[in-house]
Amino acid sequence: MGSISTLTQTAVTLTDQAYAALRMDILNGKLKPGFKLRVEHLKGLYGTGASPIREALSRLTGDGLVHAEGRRGFRVGRVSRSELFDITKMRTLLECHALKESIDKGDDAWEAGIMAAFYRLSKLDSRLLLASPGEEWEVRHKEFHTSLVSACDSRWLQAHRQNLFDQSERYRRIALSMKNSDRPVPEEHKAIMTATLARDSETACTLIGEHFNRTAEAVSRTALIED
Numbered sequence: 001m002g003s004i005s006t007l008t009q010t011a012v013t014l015t016d017q018a019y020a021a022l023r024m025d026i027l028n029g030k031l032k033p034g035f036k037l038r039v040e041h042l043k044g045l046y047g048t049g050a051s052p053i054r055e056a057l058s059r060l061t062g063d064g065l066v067h068a069e070g071r072r073g074f075r076v077g078r079v080s081r082s083e084l085f086d087i088t089k090m091r092t093l094l095e096c097h098a099l100k101e102s103i104d105k106g107d108d109a110w111e112a113g114i115m116a117a118f119y120r121l122s123k124l125d126s127r128l129l130l131a132s133p134g135e136e137w138e139v140r141h142k143e144f145h146t147s148l149v150s151a152c153d154s155r156w157l158q159a160h161r162q163n164l165f166d167q168s169e170r171y172r173r174i175a176l177s178m179k180n181s182d183r184p185v186p187e188e189h190k191a192i193m194t195a196t197l198a199r200d201s202e203t204a205c206t207l208i209g210e211h212f213n214r215t216a217e218a219v220s221r222t223a224l225i226e227d
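The sequence shown begins at 1 in UniProt numbering and counts up one residue at a time.
Next up, the structure:
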């Protein structure tokens, strides 16, 4: 029994590792939209077996990041302007719902978490002047947006919100080669934080929607996104 359990745990671990590595490389643009995902190539690239790779690709298909082509295998999901704006619309709806619930339920620890996340992000905001702000900024940016809705206790809402966040970040990262230094993103984040801490749900949701839509508009103007 012990050996079977160990083998099962090892298989799950290898699949999780392959899934996490593939997901990260798709989200950060290392694996380009439409790229053919050949199992043999991926085995060498990630140093694991065929079974964990296939399981990971199946999971990523469920996430909408990979497209299954029947017997022809898998490709990285393509990107389009119509999908970008659809993602943005749904993301805004879920984000506002989670934000309103967090504003209603959030306590002092929630407020402190938002302020701490904003402080960590603001220390790195100078990197926005560059074509690529860097992985550390990406982590801090995600932490800030997550902190805003962290008092929402709906597991399903949080899961769907997180998936849409990752989908939209994929688009934004694909378009990072296009500079947008004139946009006052740090000020947008500060305004969202201020309205949230003031428990002003209406203003906070308006600002978060505008924030998401500005990003979508900027990304949609790049030649890398299909019609």
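C-beta: ideal position from N, C-alpha, C; glycine also.
C-alpha gap between residue i and residue j, whole angstroms
| i | j | result |
| --- | --- | --- |
| K105 | E40 | 49 angstroms |
| R38 | R78 | 16 angstroms |
| M90 | S51 | 34 angstroms |
| A218 | D166 | 17 angstroms |
| G44 | R199 | 51 angstroms |
| I114 | N28 | 25 angstroms |
| L31 | I174 | 10 angstroms |
| T48 | Q17 | 9 angstroms |
| A20 | W110 | 28 angstroms |
| S5 | R71 | Confidence at S5 is low in this model, with a pLDDT of 43, below 50, so its placement is unreliable and no value can be given for it. |
| G134 | A68 | 31 angstroms |
| L60 | I53 | 10 angstroms |
| L164 | K100 | 18 angstroms |
| S154 | Y46 | 34 angstroms |
| H145 | D182 | 21 angstroms |
| D108 | A204 | 18 angstroms |
| H160 | S80 | 20 angstroms |
| A191 | H141 | 15 angstroms |
| A112 | E136 | 21 angstroms |
| D86 | T13 | 34 angstroms |
Beta-carbon gap between residue i and residue j smaller than 7 angstroms
| i | j | result |
| --- | --- | --- |
| L65 | I26 | yes |
| M24 | F118 | no |
| L148 | T206 | no |
| L57 | F35 | no |
| R172 | T222 | no |
| C152 | A98 | yes |
| T92 | F212 | yes |
Nearest residue (CA-CA) to residue i, options the options
| i | options | result |
| --- | --- | --- |
| Q162 | A68, R81, D63 | D63 |
| E143 | R120, W156, T222 | R120 |
| T88 | G209, R221, T222 | G209 |
| S122 | H189, Y171, Y46 | H189 |
| E55 | P33, H141, L22, T146 | L22 |
| E202 | C96, T61, A68, Y46 | C96 |
| P33 | E69, T13, R59, V76 | V76 |
| E138 | Y46, T13, R81, R170 | R170 |
| S220 | A204, S82, S154 | S82 |
Nearest-angstrom beta carbon gap, residue j and residue i [assumed within contact, 8 angstroms]
| i | j | result |
| --- | --- | --- |
| R150 | S102 | The sequence as given places Ser at residue 150; Arg does not occur at that position. Indeed they touch by this definition, with Cβ atoms about 7 angstroms apart. |
| L42 | L94 | Actually they are not in contact, since the Cβ atoms of L42 and L94 sit about 32 angstroms apart, beyond 8 angstroms. |
| residue 299 | D125 | Nothing about residue 299 can be read from this structure; the chain reaches only from 1 to 227. |
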